[in-house]
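**Student:**
Protein chains: 2
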Amino acid sequence: MVRRNKRAVILVSGGLDSCVAGTIAKCEGYEIYALTIDYGQRHAKEIEAAANVAKALRAKEHKTVQVDLSALGGSALTDPDIEVPTDREAGEMEGEIPVTYVPARNTVFLSIALGYAETIEAQAVFIGANAVDYSGYPDCRPEYIEKFDELAALATKQGVEGKPTKVHAPLIEWTKGRIVQEGLNLKAPIKFTWSCYLGGDKQCGRCDSCRLRLKGFQEAGVEDPVPYE
Amino acid sequence: MVRRNKRAVILVSGGLDSCVAGTIAKCEGYEIYALTIDYGQRHAKEIEAAANVAKALRAKEHKTVQVDLSALGGSALTDPDIEVPTDREAGEMEGEIPVTYVPARNTVFLSIALGYAETIEAQAVFIGANAVDYSGYPDCRPEYIEKFDELAALATKQGVEGKPTKVHAPLIEWTKGRIVQEGLNLKAPIKFTWSCYLGGDKQCGRCDSCRLRLKGFQEAGVEDPVPYE
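Residue numbers (this note's numbering), protein chains in the order written: chain E, 354 to 582; chain A, 354 to 582.
1. Along the chain, where does the alpha helix (DSSP H) that runs through Ala-470 of chain A open and close?
2. Got a sec, what are the start and stop residues for the beta strand (DSSP E) Glu-499 of chain A sits in?
3. Go to Arg-357 of chain A, then tell me how far its beta strand (DSSP E) extends in each direction, as first and last residue.
4. Between Met-446 of chain E and chain A, is there a C-beta pair that is closer than 8 Å?
5. Run through the region 375–430 of chain E for me and flag every whole beta strand (DSSP E) of 3 or more residues, listed as ranges in chain order.
6. Give me the DSSP bridge partner(s) of Phe-479 of chain E.
7. Residues in the region 562–577 of chain E with C-beta within 7 Å of chain A's C-beta atoms, listed in sequence order?
8. Less than 8 Å between C-beta atoms, sequence neighbours within five positions excluded: which residues of the same chain meet that for Cys-493 of chain A?
9. In the DSSP assignment, find the alpha helix (DSSP H) that holds Lys-540 of chain A and state where it starts and stops.
10. Going by C-alpha distance, which of A:Gly-536, A:Tyr-550, A:Leu-551 is nearest Lys-544 of chain A?
11. Assign Leu-337 of chain E to buried or exposed, taking buried as 16 or more other Cβ atoms, counted over all protein chains shown, within 10 Å of its Cβ.
12. Of all Cβ atoms in chain A, is any one closer than 8 Å to the Cβ of Asp-486 of chain E?
13. For Cys-372 of chain A, does the three-state DSSP call read helix, strand or coil?
14. Using DSSP with H/G/I as helix, E/B as strand and the rest coil, what is Cys-560 of chain A?
15. What residues in the region 502–520 of chain A bring their beta carbon closer than 7 Å to a beta carbon of chain E?
16. Enumerate in chain order the residues of its own chain whose CB-to-CB distance from Trp-527 of chain E is below 8 Å, with the five nearest sequence positions on each side excluded.
17. Spell out whether any CB of chain E is found under 8 Å from the CB atom of Ile-385 of chain A.
18. Residues in its own chain within less than 8 Å of Lys-540 of chain A by CB, not counting five upstream and five downstream?
19. Are Leu-507 of chain A and Glu-496 of chain E closer than 8 Å when you measure CB to CB?
20. Lys-529 of chain E and Gln-476 of chain E - do their beta-carbons sit closer together than 8 Å?
21. Look up Tyr-581 of chain E in the DSSP assignment and give the residues it is bridged to.
22. Since Phe-422 of chain A contacts Gly-393 of chain A with CB under 8 Å, what's their CB separation in whole angstroms?
23. Let's test the definition: count the other Cβ atoms within 10 Å of the Cβ of Gly-444 of chain E and tell me whether it reaches 16, buried, or not, exposed.
24. For Lys-413 of chain A, which option in A:Asp-391, A:Val-455, A:Val-362 has the closest C-alpha, if you only look at C-alpha atoms?
25. Any beta-carbon of chain E closer than 8 Å to the one on Gly-426 of chain A?
26. Got a sec: is the Cβ-Cβ distance from Ala-346 of chain A to anything in chain E below 8 Å?
27. Kindly say whether Leu-364 of chain E, judged by its beta-carbon, lies nearer than 8 Å to any beta-carbon of chain A.
28. Tell me which same chain residues have a C-beta within less than 6 Å of the C-beta of Lys-359 of chain E, skipping the five on either side of it?
29. Please list, in chain order, the chain A residues whose beta carbon lies closer than 7 Å to that of Thr-472 of chain E.
30. Kindly list the residues whose CB is nearer than 7 Å to the CB of Leu-565 of chain A, restricted to its own chain and excluding five residues on each side of it in sequence; keep chain order.
31. Rounded to the nearest angstrom, what separates Ile-385 of chain A and Ser-548 of chain A at their Cα positions?
32. For Glu-496 of chain E, would you say it is in contact with chain A, using Cβ-to-Cβ distances shorter than 8 Å as the test?
33. For a contact defined as C-beta to C-beta under 7 Å, what are the partners of Asp-492 of chain E on chain A?
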């Protein structure tokens with residue numbers, strides 16, 4: 354009998370969180386199938402980082418699926434008419450849904466990941482969703498992830514056959530500091546990641562995403578290996 | 354006070370079922386926002402039909418979003434290495450998941466529709482999913498649609514604010530005959546639809562999709578306005 358390794362689809366964005374989520378899957382013994390969604394972001398920097406992270410995780414495959422969410426508009430990350438905010442006060446980052454929110458993004462990402470998982474008969478999908486620092490994003494909350502997991506059990510052939518693909522969001526309740534710390538402990542390939550919303554040569558250090566990342570490294574008491582302007 | 358019309362996103366595939374679902378939404382007084390997902394089908398015929406149906410429904414907008422599900426493989430509809438079956442016996446169409454099944458298709462479609470609904474603040478998403486003749490497709494069952502509706506309530510800004518977008522699948526329990534009959538009663542623009550899985554000048558009449566469609570017209574006792582080979 355051929356014993357097949359357990360397989361996981363990892364949503365690899367190129368950012369810190371998905372890099373750590375993928376590393377956790379790797380450490381749990383999953384064979385890695387990396388999936389990057391190219392959804393009309395403003396720059397290609399993240400896609401490049403995703404390819405490097407997938408390679409560092411020794412992914413069996415790395416697929417990039419294009420879905421043109423910019424056709425729907427409504428977010429600073431895909432709509433050139435909405436400005437990406439920089440230099441906001443820390444307090445302004447909390448409690449509201451920011452303009453960088455992409456409508457139904459995680460639902461779209463998880464649904465494509467589920468399709469991939471079904472095709473390769475993967476037991477798991479890993480996503481780096483995190484509720485702590487993104488409290489304004491409805492699709493980053495634990496109750497959302499749990500509901501998607503219930504949906505996955507109904508949505509696919511494997512689900513119908515009693516072997517549903519399980520959705521894992523291991524970082525969901527972690528602070529950014531803990532994400533950095535656990536990532537370092539597990540030797541996550543953080544140096545290949547990219548978090549900046551802008552598309553410069555170095556990370557800007559001023560957009561919400563850079564600020565969150567920097568806060569994480571500060572909390573962990575270590576220096577970010579990726580350079581800033 | 355400006356009173357805004359209620360809005361619905363309709364997943365318009367170009368086929369019969371979504372045409373009837375959209376007509377029902379129209380008759381219920383919704384302003385129509387048509388959405389077509391171009392997911393790497395083998396031919397452009399359906400996309401063209403979708404545009405004509407959207408126009409006939411007097412859609413306020415018609416968006417086409419590309420998502421390259423063919424990158425994932427695993428279906429005869431997107432993978433050129435898998436043959437589309439024709440001339441199967443009626444019995445063979447039941448009880449199994451056919452090779453024309455696209456992994457997680459309705460989950461991907463509904464998630465993009467949800468993103469569109471969030472952007473335009475639509476109260477509803479309509480999908481022509483049908484459980485009766487597609488009993489083999491896990492994502493065409495009523496329990497699946499109900500679960501996606503629960504997910505929608507958690508996934509979006511509107512949901513968080515207590516005004517979730519509701520998912521409607523009005524044809525879910527109808528036979529194909531009833532779909533044709535109700536479509537005719539409501540003057541659905543059926544003549545613009547296209548169901549054939551192949552990409553000929555006329556519908557082939559032999560693939561599973563054509564056969565189901567023909568069965569519907571036969572049950573309804575009327576002739577299909579769209580020509581066959």
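Where is the CB? At the ideal position from N, CA and C, for every residue including glycine.
**Tutor:** Judging by the given coordinates:
1. 458–473
2. That residue, Glu-499 of chain A, is in no beta strand (DSSP E); its alpha helix (DSSP H) goes 495–508.
3. Taken as a continuous stretch (DSSP letters only), Arg-357 of chain A belongs to no beta strand (DSSP E), as it is neither H nor E.
4. Residue placement at Met-446 of chain E is poorly supported in this model, since its pLDDT is 49, which falls under 50; the coordinates are not used for a value here.
5. 384–391, 414–419
6. E:Ile-363, E:His-521
7. none
8. Asn-459, Ala-482, Asn-483, Ala-484, Tyr-487, Ile-525
9. Segment: none, Lys-540 of chain A is in no alpha helix (DSSP H) and carries neither H nor E.
10. A:Gly-536
11. No information on residue 337 of chain E is available, as it lies outside the stretch 354 to 582 that chain E covers here.
12. no
13. helix
14. strand
15. Glu-503, Leu-504, Leu-507, Ala-508, Thr-509, Lys-510, Gly-512, Val-513
16. Asn-483, Val-485, Glu-535
17. no
18. Thr-376
19. yes
20. no
21. E:Gln-556
22. This sequence places Leu at residue 422 of chain A; Phe is not what is there. Indeed they touch by this definition, with Cβ atoms about 5 Å apart.
23. Residue confidence for Gly-444 of chain E is low, a pLDDT of 42 falling below 50, so the modelled location carries little weight; the figure read from the coordinates is stated next. The residue is exposed, with fewer than 16 neighbouring Cβ atoms inside 10 Å.
24. A:Val-362
25. yes
26. Nothing can be reported for residue 346 of chain A: it is not among the residues displayed for chain A, which extend from 354 to 582.
27. no
28. Tyr-383, Gln-476
29. Leu-425, Gly-426, Gly-427, Pro-456
30. Asp-486, Lys-529
31. 22 Å
32. yes
33. Ala-508
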